[in-house]
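Below is one structure; the comments refer to it alone.
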Amino acid sequence: MEHWYVLRTAAQREQEAAGLLSRAVDPALWEECSILRKMKVFRSGGLLHLVDEVLFPGYLLVRSAHPGALSKELEKSGDLPQFLFKREGNFGNTVKERRYRTRPVSKDDQSFMAVEPADLRFLKNICGENLRQAMGVTGIILDKENRIIRAEGVLSHYLDRIVRLNLHKRFAVVEVPLFNRLQPVLFGIRLEQDRLRAGGRMGSVDK
């Protein structure tokens, strides 16, 4: 049975690592590789600029029915991305860490970091059903105390999980159970008065 797994590589080498996987690894061992992306907001010249960035720097997702064989193939070269193991417990850069029970995938591959069903639902909510959309920017409306009273976009589903709101830099930090820990995820936001100038591109790799 196919599952999504987490692969690690050097930060800023995600696209290169995914390209190497596509060119150098037997396509029978994997189905799809995805680089999760987000739209980052910054202000310049009175405008909001949207820049496409990697959501989790240094990590990719791969869908495979043969993780054991795929792992052995990846280990042949240090340039290729490598499987992240549950025992490593080092996904992302978290402020807090909380362990959650994980579902063993099988007797043979239970040590690999598999994307749990709840994790996959969250990732599809923010990056689309096929994990190819860059996570969008959420428009918010504030009250006089700068509390969010309305949100239109992906952040609207996670307002109760916001742990930090930076209006000046236009982002909100949400903590969600993800990849066996309580993971902070940064969402871009825009206010009613903001004018947008879009730019950037998405990244995902097919065979």
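If you use this note's numbering, the sequence shown corresponds to residues 1272 to 1478, in order.
Note that beta-carbon positions come from the ideal geometry of N, C-alpha and C, so glycine has one too.
- The three-state secondary structure of Gly1410, taken from DSSP, is strand.
- Here Ala1405 is buried. Its C-beta has 16 or more other C-beta atoms within 10 Å.
- DSSP lists Asp1323 as the beta-bridge partner residues of Met1310.
- Assigned with DSSP and collapsed to three states, Val1296 falls in coil, not helix or strand.
- If you check the CB distance, Pro1328 and Gln1286 do not come in under 8 Å.
- DSSP places Phe1450 outside any beta strand (DSSP E), giving it a letter other than H or E.
- Distance from the CA of Glu1302 to the CA of Gly1290, rounded to the nearest whole angstrom, comes to 14 Å.
- In the structure shown, Ala1422 falls within a strand segment according to DSSP collapsed to helix, strand and coil.
- Residue Ser1382 holds the alpha-carbon nearest to the alpha-carbon of Lys1357 among Gly1459, Gly1410 and Ser1382.
- Judged by DSSP secondary structure, Leu1394 falls within the alpha helix (DSSP H) whose first and last residues are Pro1388 to Cys1398.
- Going by beta carbons, Leu1457 and Val1447 fall outside the 8 Å limit.
- Per DSSP, Ser1382 lies in no alpha helix (DSSP H) and is assigned neither H nor E.
- In the three-state scheme derived from DSSP, where H, G and I count as helix and E and B as strand, Ala1340 is classed as helix.
- Assignment of Gln1464 by DSSP, reduced to helix, strand and coil, places it in the coil class.
- Of all alpha-carbon atoms in Leu1326, Cys1398 and Arg1418, the one lying nearest the alpha-carbon of Asn1437 is that of Arg1418.
- Contact between Leu1341 and Leu1391 is absent: CB atoms are separated by about 19 Å, not below the 8 Å threshold.
- Rounded to the nearest whole angstrom, the C-alpha separation of Lys1311 and His1428 is 19 Å.
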